[in-house]
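Okay, so here's the structure we're looking at.
Protein chains: 2
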Amino acid sequence: MATETVENYIKALYALCRESPSGEAGVVRLAQELGVTKGTATSMIKRLSLARLVKAEPYSGIALTAKGNKIALDVLRRHRVIETFLVRTLNLDWADVHEEAERLEHALSARILDRLDEFLGRPSTDPHGDPIPDAAGNVSETRSKPLAKCRARERVCIVRIMDQNRAFLKFVAESGLKPGANLVVHSVSTQGNSLTVQAVRGKPVTLSHSAAGKILVKIIS
Amino acid sequence: MATETVENYIKALYALCRESPSGEAGVVRLAQELGVTKGTATSMIKRLSLARLVKAEPYSGIALTAKGNKIALDVLRRHRVIETFLVRTLNLDWADVHEEAERLEHALSARILDRLDEFLGRPSTDPHGDPIPDAAGNVSETRSKPLAKCRARERVCIVRIMDQNRAFLKFVAESGLKPGANLVVHSVSTQGNSLTVQAVRGKPVTLSHSAAGKILVKIIS
DNA sequence: ATTAAAAGTTTGATTAGTCAAACTTATTTG
DNA sequence: CAAATAAGTTTGACTAATCAAACTTTTAAT
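Taken in order, these protein sequences are the chains called A and B. According to the numbering used here, the first sequence is numbered sequentially starting from 1. According to the numbering used here, the second sequence is numbered sequentially starting from 1001.
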């Protein structure tokens, strides 16, 4: 079994590879993400490379191997099942659960994970709308687009919030923009740097382009 | 915060001090308990002593300080709340939960612990009958005596099983001797090395003296 | 009261994970 | 394109936790 530290590196690499267009991660960003120096990250990458969890040539990009990917999905599954449990069963605040899950995800055995998953009714997404990989590592992502790309008068349903920042999540929740909420796009500013939406029984909310970019929606047919 | 390793040393020391008549623990037993060499245990004791968590002179007994005791009770609380959750909510087997709780107890924040405790209705004992210290570190142990000290025809209620061994717990459960079960002591062998008991709606079970010594009971008035 | 055994300590080495700082390679940008 | 900057690597040192093996002290036994 990978150590807690290794799991954290793998998880961070998974996220970085996702959001980078090349599909590869860099040492400096990785180090930032984990709060270590870049030298530390380099030496860890060397270890992961030796263990065949990542593919990395000196002075070039880093990518997960199939083996590394499997670990990433496993950690992600544990993380998201725990988040769901903390919100649904223990009534923890939406905005707080990320940090808590971060600590617990490494201590969960396969057996407990499965019991927890069963107890929760095998949820397909966590409270942020992030898909929960199944035990085999399959992820089914709902087709969606950023709210930022919507046009005026479109009716949409929020699918996912792509940000774990506590302040942002608190704002999103207070505006009634949690996953599952139905919205109408009121208006889009001419320069496209903000848009106003209204939840079914809520007040109109104006969002910056960057905020609307982190909210994924599907169009209601 | 103490590291996971430190928490484990403290917890083991707490148990050893309890069961020793002098109230002090020794390095060799401690090392055995934790699966490390005695040299390792010695050097850790030195560190704990420096951190004022234990009181220890070279070549003599080890005792927890007030500070060390507080940590021990905190870990014990986390351990026992988790065990209760695993058995009551996730339906894990009585005999398996100890090892699982061992891994989880170090990853539980105070906030989650309290929510879990609340969710479970603030239980006073875990599934083995071990008392759960409250958040302030108070433990209320039910007055009880070992089943081994009972006489024939006494009616008793099982309060606590003082052993985490899986095989023993499986045997105890299969014999219907879980905490809360009511028994009649049928007979006590002349040499006192075994005794036969019968649960209310169960078959008679014969227990060795050592097994009966690990089962704590209270007399039904 | 010696001496053998058990308990406890010390020493030197190892692995995981980390940092600071010097260094090298790649990428920008004037 | 050359110089500046950013990205990545290496080196030497450190802490936590561990082991094996030599060593010392205490305890038990003859």
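In this text, a Cβ means the ideal position worked out from N, Cα and C, and glycines have one as well.
In the DSSP assignment, N1008/B falls within the unbroken alpha helix (DSSP H) covering E1004 to E1019. Contact between V217/A and V159/A is confirmed by a C-beta separation of about 6 Å, below the 8 Å threshold.
Bounds of any alpha helix (DSSP H) do not take in K218/A; it lies within the beta strand (DSSP E) bounded by I215 to I219.
Within the same chain, Cβ atoms closer than 7 Å to the Cβ of A1012/B are found at L1030, E1033 and L1034, the five residues on either side in sequence being excluded. With respect to chain B, the C-beta atom of I82/A has no partner C-beta closer than 7 Å. The C-beta distance from A2/A to I112/A rounds to 18 Å, too long to meet the 8 Å contact threshold. Leaving aside the five residues that flank P1131/B on each side, the residues in its chain whose CB is nearer than 7 Å to its CB run, in chain order, S1124, T1125, V1139, S1140 and E1141. The beta carbon of F1085/B lies closer than 8 Å to those of L1116, F1119 and L1120 in the same chain, with the five residues before and after it left out. Taking CB atoms only, I1112/B has a neighbour in chain A less than 7 Å away.
Separation of T1042/B and F168/A (C-alpha to C-alpha, rounded to the nearest whole angstrom) is 49 Å. When the alpha-carbon of S1221/B is set against those of A1212/B, N1182/B and G1202/B, the nearest one is in N1182/B. Chain-order list of chain B residues neighbouring L116/A: L1090, by C-beta distance under 8 Å.
Here DSSP, grouped into helix, strand and coil, assigns L1030/B to helix. Contact note: H106/A reaches chain B through A1107, using a C-beta cutoff of 8 Å and chain order. Taking C-beta atoms under 8 Å as the contact rule, I45/A and V27/A qualify, at a distance of about 7 Å.
In the same chain as D1163/B, and ignoring 5 residues on each side of it, the C-beta atoms closer than 8 Å to its own belong to L1169 and K1214, in chain order. Within a 10 Å sphere around the beta-carbon of L1050/B sit fewer than 16 other beta-carbons, which makes this residue exposed. For L1090/B, the three-state secondary structure derived from DSSP is coil. Inter-residue distance for V184/A and R143/A is about 19 Å (C-alpha atoms, whole angstroms).
In terms of Cα proximity to E1099/B, the closest of L1073/B, H1079/B and L1090/B is H1079/B. The DSSP-derived three-state label of V139/A is coil. None of the residues of the stretch 1001-1022 of chain B has a beta carbon lying less than 9 Å from any beta carbon of chain A.
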